[in-house]
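Chains as they are written, first to last, in the numbering used here: chain A, 228 to 658; chain R, 252 to 397. Ideal Cβ placement from N, Cα and C applies to all residues, glycine included. Owing to the predicted nature of the structure, the values given are computational and were not obtained by experimental measurement. Everything on this sheet refers to the single structure shown next.
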Amino acid sequence: MKKKIIYPMALLIATAFAIFSFTNNSSYTKTDSLPKGDVDNAGLTLPQGFSALIVADNTGEARHLAVTKESDIYVKLGSAKDGKGILYLQDENKDGKMDKQTGFGNYDGTGIYLKDGYLYASSNTDVYRYKLNDKDAVADQNNFENIVTGLIDRGQHNSKSMVLDNDGNLYVNIGAYSNSCQENDRTPGSMGLKGCPILDSAGGIWQFKADKQNQTYGDGVHYATGLRNVVGLDWNYQDNALFVMQHGRDQLHDLFPKYYDTKTSAILPAECMYEIHKGDNAGWPYIYYDQLQKKQISMPEYGGNGKKTADQKYLDPTMAFPGHLAPNGLLFYTGDQFPAKYKNGAFIAFHGSWNRSPEPQAGYYVAFVPFKDGKPSGKWEIFADGFAGKKTLSPGTAIHRPCGLAQGPDGSLYVSDDSKGTIYRIMYQKK
Amino acid sequence: MNKIIVFGLLMIPFGLFINNSPRNVEKQNIKIFTPVQNSKLPGEKIFKKYCVSCHQVDGGGVPRLNPPLIGTSYVLGDKKPLIEILLNGMKNITIEDKTYTNPMPSFKTLKDQEIADVLTYVRKSFGNDASAITSADVKSVRAKMK
Numbered sequence: 228m229k230k231k232i233i234y235p236m237a238l239l240i241a242t243a244f245a246i247f248s249f250t251n252n253s254s255y256t257k258t259d260s261l262p263k264g265d266v267d268n269a270g271l272t273l274p275q276g277f278s279a280l281i282v283a284d285n286t287g288e289a290r291h292l293a294v295t296k297e298s299d300i301y302v303k304l305g306s307a308k309d310g311k312g313i314l315y316l317q318d319e320n321k322d323g324k325m326d327k328q329t330g331f332g333n334y335d336g337t338g339i340y341l342k343d344g345y346l347y348a349s350s351n352t353d354v355y356r357y358k359l360n361d362k363d364a365v366a367d368q369n370n371f372e373n374i375v376t377g378l379i380d381r382g383q384h385n386s387k388s389m390v391l392d393n394d395g396n397l398y399v400n401i402g403a404y405s406n407s408c409q410e411n412d413r414t415p416g417s418m419g420l421k422g423c424p425i426l427d428s429a430g431g432i433w434q435f436k437a438d439k440q441n442q443t444y445g446d447g448v449h450y451a452t453g454l455r456n457v458v459g460l461d462w463n464y465q466d467n468a469l470f471v472m473q474h475g476r477d478q479l480h481d482l483f484p485k486y487y488d489t490k491t492s493a494i495l496p497a498e499c500m501y502e503i504h505k506g507d508n509a510g511w512p513y514i515y516y517d518q519l520q521k522k523q524i525s526m527p528e529y530g531g532n533g534k535k536t537a538d539q540k541y542l543d544p545t546m547a548f549p550g551h552l553a554p555n556g557l558l559f560y561t562g563d564q565f566p567a568k569y570k571n572g573a574f575i576a577f578h579g580s581w582n583r584s585p586e587p588q589a590g591y592y593v594a595f596v597p598f599k600d601g602k603p604s605g606k607w608e609i610f611a612d613g614f615a616g617k618k619t620l621s622p623g624t625a626i627h628r629p630c631g632l633a634q635g636p637d638g639s640l641y642v643s644d645d646s647k648g649t650i651y652r653i654m655y656q657k658k
Numbered sequence: 252m253n254k255i256i257v258f259g260l261l262m263i264p265f266g267l268f269i270n271n272s273p274r275n276v277e278k279q280n281i282k283i284f285t286p287v288q289n290s291k292l293p294g295e296k297i298f299k300k301y302c303v304s305c306h307q308v309d310g311g312g313v314p315r316l317n318p319p320l321i322g323t324s325y326v327l328g329d330k331k332p333l334i335e336i337l338l339n340g341m342k343n344i345t346i347e348d349k350t351y352t353n354p355m356p357s358f359k360t361l362k363d364q365e366i367a368d369v370l371t372y373v374r375k376s377f378g379n380d381a382s383a384i385t386s387a388d389v390k391s392v393r394a395k396m397k
């Protein structure tokens, strides 16, 4: 008799709980359930109320990362380690620190993304996807689909960063294998190639179907062009549009000292955030965006002198940042854990500069831009700093370099570092 | 022993002056601060004009992009291949399993003496201690390439 009542009761409670958990994400965001941050916030400087925890360390060249609904982490390694290019980090004892590391996928690369029951990962030429089980673990590591193949890789700017939308499309960066499309790459005074031939197969974003195997250039849509190299990109669901962070060209002073002194060259051109729609052209290699003059300026390789504006008008950036900071990660924050100002705003991982010499190097931090209705609603600010350690004179001496960003199911922000391989989790805990 | 330490300590400010990198100050041992090293090598000026933006003030290069000039056989080994790199440029080089993807342009427009000076500077800086390269060395490699 008793049993007959208990079973339906238990079922009812379980169902109610399941529905509650499913429909109300804020049940996850109780800050008292978050793990404690590290004593020194893992060496990071953060706004008031935030804390940081190192959840994994020495993973390798941790480029981009993705966090599952179980708060496990997939990390794409720039260089595969012991035949493993993708790491799967799990927290079995649920103390917030990852205690189990396995891996698969014997290829170097940068991109990794979770969408609709699949893990997508990119090498420097291909995109693969792996079916996930109900715990977001890869069901069979040896059984994957080769979604995109044969993309160009000539070393320079070969990261095939990627993101998906809600309509079954995959967007892949194919970076230009050149600095500024000179006849002789990175050679002082060398002029630009007429009708830059690189743009036919690189220097843009290509759109592919997320579920179709063995697609290559002919199968994809040449979605946007004139983008030198994009490592950080994300889909903005408020705006239902792709946003990318372009790495602006290097070495204006080294290559054209008659137009640019070292001080100007250290801050120009802008690192640009673009909102991208089909058919857009951001103008590389013909123009760059000068954030001081607030204008598109002709590249010196194509007749520019630092002041001359371009004849043709190209896409203007959504926001312009100082030069050479190397934006490698972009994430629109949709969680509820952080204070309201962060909701729907953009976090950007700036990998840190190398070609500002003799000025000190800069960047090596995570920045934040507030957004409203899919547009920036305020100035950008530094959100998390201190990755590099003491003053960084050269990128090789930076202890950590922020590269990838991901959001956890509870709204924590995860940052990967491709120098030492540290994975950070940044949380907000009201005191 | 104590004398060596005192000598080393005395030399640290000079090290800071030449190369303002904390890492290198830690790394450099006393051997590096020989009188020859402290006299300004003529190649330093050329290095600062053409090389420093990629290879960095400490010769450490940039991970994934520009190779380091410290402790590698490309710099410290045979003179001929090193001279050839400057004359021809190079692309996608792998050193100790790490690949560097930014291409280096040719510097063949520099004079033999300038190439000799900058290579000598590189071979004797950042903790490196390899033999000097002369303009005759550069001339002979250049002649064979034509």
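Inter-residue Cα distance where the pair is residue i and residue j
i      : j      : result
A/M659 : A/G648 : Outside the modelled stretch of chain A, which goes from 228 to 658, sits residue 659 of chain A, for which no answer is possible.
R/K299 : R/C305 : 10 Å
A/D280 : R/S357 : Before going further, note that residue 280 of chain A is Leu rather than Asp in the sequence given. Rounded to whole angstroms, A/L280 to R/S357 spans 46 Å at the Cα level.
A/K311 : A/W581 : 29 Å
A/L557 : R/I297 : 39 Å
A/I494 : A/L620 : 16 Å
A/I575 : R/M396 : 48 Å
R/A387 : R/I344 : 27 Å
A/G276 : A/F565 : 9 Å
A/Y592 : A/S278 : 15 Å
A/L378 : A/D412 : 21 Å
A/G305 : A/N400 : 16 Å
A/N396 : A/M389 : 10 Å
A/I650 : A/R290 : 10 Å
A/G530 : A/L482 : 13 Å
A/H474 : R/K291 : 37 Å
A/N351 : A/G638 : 30 Å
R/E335 : A/Q383 : 22 Å
A/M472 : A/F577 : 10 Å
A/K436 : R/A367 : 55 Å
A/D343 : A/L359 : 9 Å
A/A573 : A/I609 : 12 Å
A/Y513 : A/K485 : 19 Å
A/G623 : A/A307 : 20 Å
A/V354 : A/V457 : 16 Å
A/Q523 : A/S604 : 22 Å
A/D322 : A/K657 : 20 Å
A/T250 : A/G506 : The pLDDT assigned to A/T250 is 41, lower than 50, so where the model puts this residue is not dependable; a value taken from the coordinates is nonetheless given after this. Straight-line Cα distance between these residues: approximately 38 Å.
A/Q440 : A/Y357 : 12 Å
A/V266 : A/D392 : 38 Å
Nearest-angstrom beta carbon gap, residue j and residue i [assumed within contact, 8 Å]
i      : j      : result
R/L316 : R/T352 : 6 Å
R/R374 : R/L327 : 7 Å
A/Y398 : A/A429 : Not really, about 15 Å apart at Cβ, beyond 8 Å.
A/V501 : A/F470 : Just to set this straight, residue 501 of chain A is Tyr in the shown sequence, not Val. That belief holds up - the Cβ atoms of A/Y501 and A/F470 are roughly 7 Å apart, short of 8 Å.
A/G431 : A/L454 : 5 Å
A/Y315 : A/G330 : 6 Å
A/S584 : R/V313 : About 11 Å separates the two Cβ atoms, so there is no contact after all.
A/K303 : A/G338 : 6 Å
Per DSSP, cross-strand counterpart(s) of residue i
i      : result
A/H449 : A/W433
A/I300 : A/V294 and A/L316
R/V317 : It should be noted that the sequence gives Asn, not Val, for residue 317 of chain R. Paired residue(s): R/V313.
A/F577 : A/P554 and A/Y592
A/F277 : A/Y655
A/I374 : DSSP, once it has assigned bridges, lists no residue as partnering A/I374.
A/P603 : A/F598
A/Q328 : A/L316
A/Q409 : A/G419
A/Y560 : A/Y560 is not bridged to any residue.
A/T337 : Paired residues: none, contrary to the question.
A/N571 : Partner(s): none; A/N571 has no beta bridge.
Contact test: residue i Cβ vs the ligand FMN heavy atom, cutoff 7 Å
i      : result
A/D645 : Absence of the ligand FMN is noted for the structure shown, with no ligands found whatsoever.
- Message: Give the list of continuous beta strand (DSSP E) stretches no shorter than 3 residues that lie fully inside the segment 443-515 of chain A.
- Response: Whole beta strand (DSSP E) segments, 3+ residues: 448-452, 457-463, 468-473 and 498-503.
- Quick one, which residues of the segment 469-496 of chain A are near chain R if we go by CB-CB under 7 Å, in chain order? Taking 7 Å as the Cβ-Cβ cut-off, the segment 469-496 of chain A approaches chain R at Q478 and D481, given in chain order.
- Query: Looking at chain A, which residues of the segment 335-355 of chain R have a Cβ within less than 9 Å of any of its Cβ atoms?
  - Reply: G340, K342, N343, D348, K349, T350, Y351, T352, N353, P354 and M355
- Item | Contacting positions in the segment 354-379 of chain R - beta carbon closer than 8 Å to chain A | P354, M355, P356 and S357
- Item | chain R contacts made by the segment 502-535 of chain A, where a contact means CB separation under 8 Å | none
- Going along the segment 298-314 of chain R in order, which residues come within less than 7 Å of chain A, judged by CB to CB distance? Correct list: V303, S304, Q307, V308, D309, G311, G312, V313 and P314.
- Item | Members of the segment 398-416 of chain A that neighbour chain R once the beta carbon cut-off is set at 7 Å | N411, D412, R413 and T414
- Query: Mind listing which residues of the segment 619-646 of chain A have their C-beta closer than 7 Å to chain R's C-betas, in chain order?
  - Reply: L620, S621, P622, G623, T624 and S646
- Taking only beta carbons into account, state which residues of the segment 313-332 of chain R come closer than 8 Å to chain A, listed in chain order. V313, P314, R315, L316, N317 and P319
- Of the residues that make up the segment 418-440 of chain A, which ones have a beta carbon closer than 7 Å to any beta carbon in chain R? none
- Item | chain R contacts made by the segment 571-585 of chain A, where a contact means CB separation under 9 Å | So the close ones are W581, N582, R583, S584 and P585.
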